[in-house]
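Colleague: Numbering (the numbering used here), first residue to last: 1 to 158.
Virtual Cβ for every residue (Gly too), placed ideally from N, Cα, C.
The structure follows.
Written as structure tokens, this is what we have:
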């Protein structure tokens, strides 16, 4: 006769909750000097308009979803709207792909008469938010991209 392990019913349910999750591959960490030389670009799929008060309204078209159980009761929005304040709108206007992050930070410091370090920290947090929402991105300098490609090829060969 095979003896059953002394494990309660609850442990069978709870155990999968505490399994180790696979770590997602993180993108390579960008050094500060490379970050400052990168160019800031907007997502071309985002439509935007500037308001009179300096704020910017972003319009993002949402993909159509399959009709669900409650689709007759709740209408799915066709687009998502995001309102940026004056400073956020100014950054959005500057993110045209021609200016580097360093230039954008300098323009912000000049316009709003703040210390560069203070603006740099706030700007990095704001940029992370824009990138997480896929509203903006960075064009890395070509020399850094080449360096990363060579490094990846070396790792493949080994």
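1) Let's see if you can read the secondary structure: which residues bound the alpha helix (DSSP H) around residue 103?
2) Between the C-alpha atoms of residue 121 and residue 127, what's the straight-line distance to the nearest angstrom?
3) For residue 89 and residue 30, what's the separation of their Cα atoms in angstroms?
4) Hey, would you say residue 114 sits closer than 8 Å to residue 41, going by beta carbons?
5) Just reading off the beta strand (DSSP E) that residue 42 is part of, what are its end residues?
6) CA-CA distance, residue 48 and residue 124?
7) Is it buried or exposed for residue 108, if we count other Cβ within 10 angstroms and need 16 for buried?
8) With a 10 Å radius around its C-beta and 16 neighbouring C-beta atoms as the bar for buried, classify residue 58 as buried or exposed.
9) Taking C-beta to C-beta, are residue 55 and residue 85 nearer than 8 Å?
10) Assuming residue 149 is part of the alpha helix (DSSP H), what are its boundary residues?
11) For residue 145, does the count of other Cβ atoms within 10 angstroms reach 16, so buried, or fall short, so exposed?
12) May I ask you to report which of helix, strand or coil DSSP gives residue 58?
13) Per DSSP, what kind of secondary structure is residue 128 in: helix, strand or coil?
14) Please report the Cβ distance between residue 79 and residue 51, rounded to the nearest whole angstrom; I am assuming they are in contact, meaning their Cβ atoms lie under 8 Å.
Modeller: Taking the geometry as given:
1) From DSSP, the alpha helix (DSSP H) with residue 103 extends over 101-112.
2) When the Cα atoms are used, residue 121 and residue 127 turn out to be separated by approximately 10 Å.
3) Distance between the alpha carbons of residue 89 and residue 30: 25 Å.
4) Not a contact, by the Cβ cut-off of 8 Å.
5) Taken as a continuous stretch (DSSP letters only), the beta strand (DSSP E) holding residue 42 covers 39-42.
6) Those two C-alpha atoms are separated by around 22 Å.
7) Buried: at least 16 other Cβ atoms inside 10 Å.
8) Buried is the call here.
9) The beta carbons of residue 55 and residue 85 sit closer together than 8 Å.
10) Taken as a continuous stretch (DSSP letters only), the alpha helix (DSSP H) holding residue 149 covers 142-157.
11) Here residue 145 is exposed. Its C-beta has fewer than 16 other C-beta atoms within 10 Å.
12) Shown here, residue 58 sits in a strand according to DSSP, grouped into three states.
13) Helix, per DSSP.
14) The Cβ separation is near 17 Å, so there is no contact.
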